[in-house]
Amino acid sequence: MPERVLLVRLSAIGDVVMALPAAASIKASNPGAQVAWVIDHRLRELVIGHPCVDRVYALFTDRKARRNPARWRVMVQQHRRIAEFSADVGVDLHGHTKSALPLYFSKAKRKLTLEPKDALSRALGGRAVRVSETMHRVDAYLEAIREAGFPFRRYSFDLPINDAIRGSVQRRLGDGGWITIHLGGTHPNKLWPIERFITAGKALVERGERVLIVGGASEQSMAQRFQQQVEATSTVGETGLLELAEVIRRARLHLSGDTGSAHIAAAVGTRCVTVFGHMPAAVYHPFGQPDAVVQAGRSAADVSVEMVLQKIEERLK
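Numbering follows the working numbering, in which position 223 of the sequence shown is assigned residue number 209; successive positions increment by one, without gaps.
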């Protein structure tokens, strides 16, 4: 059984979170294995300090960084350090050119790539791992790990939330019990209109719920618009990823579109209501919560406020 394992999953937030059981399954199969993870530097806190990840290589993978000559030397040095890990097996859970390159330069003795999606990934990624189109992504990642030689499945996320983070959230926000709402998303078809979030938020407040909106700095204008019409607390743009996870962990329920915060909520055990657009819900629903999904067509905009409020009522019973 391989002793030194390199995992490559660079982004996005939800995909990295869904890939965390891969590291846990490697350790369950071989407790003595050393696991290294290659990740986008902006998401590194999701794996630094994780109990099943022994080493983290945080890369500059965004386009802005790649176009900056000052960063090129750093990138070369990063790839050299990955090669020094001397992986027995490397598994690319991303399947794109930007993940194929660190896998290739790792000089891993064996290489596997989950569903390579472009020519370079197919050329450099070693053996391709194919899975059913309807398989949940968590299980797809574990299937790649199984083919790498680690048969035991451990559905454990273990986000590395430490006492300092818990204490910080406690001092600022208290014990919890709110409904967290994430207004943002990354794809137009995944965005539920802000007007519907506002209508739903008003209805929740009228029912006696406390509403807390969460999200990144780029979503502050949406948060301000929401707060102009709904009585709500906001941490938008004020938390790191693990602080966000702790805030959501303390919630009664998390409402969002099909985005990373829903997968964080599932990972920390918080009930979700997730508005889906064009993506297949069977594959991307918050893990363990297929009943969380509200979907009505090819766009999140096809979902009504009434559908979401009914789902929230069902989930809170």
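Note that the Cβ used here is the ideal one computed from N, Cα and C, for glycine as well.
This one's a predicted model, so the numbers in the text were calculated from it and none came from an experiment.
In the structure shown, serine 242 adopts extended strand secondary structure according to DSSP, grouped into three states.
If you draw a 10 Å sphere on the C-beta of proline 7, you find 16 or more other C-beta atoms in it, and that means buried.
The region 79 to 104 is shown to contain whole beta strand (DSSP E) runs of 3 or more residues at 96 to 100, in chain order. Within the model, the alpha-carbon separation for valine 197 versus glutamine 20 is close to 42 Å.
A straight line joining the alpha-carbon of tyrosine 43 with that of tyrosine 270 spans about 26 Å. Counting C-beta atoms within 10 angstroms of its own C-beta, proline -12 has 16 or more neighbours from the protein chains shown and is therefore classed as buried. Comparing C-alpha distances from alanine 218 to each of Arg132, Asp1, Leu(-7) and Phe183 shows the shortest one belongs to Phe183. Beta-bridge partners of leucine 198 (DSSP): Thr166 and Thr219. DSSP, read as helix, strand or coil, puts tyrosine 270 in helix.
Glycine 263 sits close to glycine 283, with the two beta carbons spaced by under 9 Å.
Per DSSP, valine 33 lies in no alpha helix (DSSP H) segment and is marked neither H nor E. Fully enclosed alpha helix (DSSP H) runs of no fewer than 4 residues occupy -1 to 15 of the region -5 to 24, in order along the chain. With respect to leucine 177, valine 200 sits apart: the two C-beta atoms are not nearer than 9 Å. Under a 10 Å Cβ-count criterion, leucine 302 is classified as exposed, with fewer than 16 other Cβ atoms of the shown protein chains found around its own Cβ. When DSSP states are grouped into helix, strand and coil, glycine 283 belongs to the coil group. No Cβ-Cβ contact shorter than 9 Å links leucine -8 with valine 124. In the DSSP annotation of this structure, the continuous segment of the beta strand (DSSP E) that includes valine 115 starts and ends at 113 to 115. For a cut-off of 8 Å, the C-beta gap from glutamine 64 to leucine 87 is around 11 Å, too long to register as a contact. Excluding its 5 nearest sequence neighbours in each direction, serine 290 has C-beta neighbours in its own chain below 8 Å: Arg182 and Ala282, listed in chain order. The DSSP assignment places 41 to 45 as complete runs of the beta strand (DSSP E) inside the region 37 to 62, in order along the chain (cut-off: 3 residues). In the displayed model, threonine 260 falls within a strand according to three-state DSSP. Cβ neighbours of glycine 112 within its own chain (closer than 7 Å, five residues either side excluded): Arg96, Lys97, Leu98 and Thr99. Rounded to whole angstroms, the separation of the alpha carbons of lysine 297 and arginine 193 is 15 Å.
Leaving aside the five residues that flank histidine 80 on each side, the residues in its chain whose CB is nearer than 7 Å to its CB run, in chain order, Val(-6), Arg(-5) and Leu(-4).
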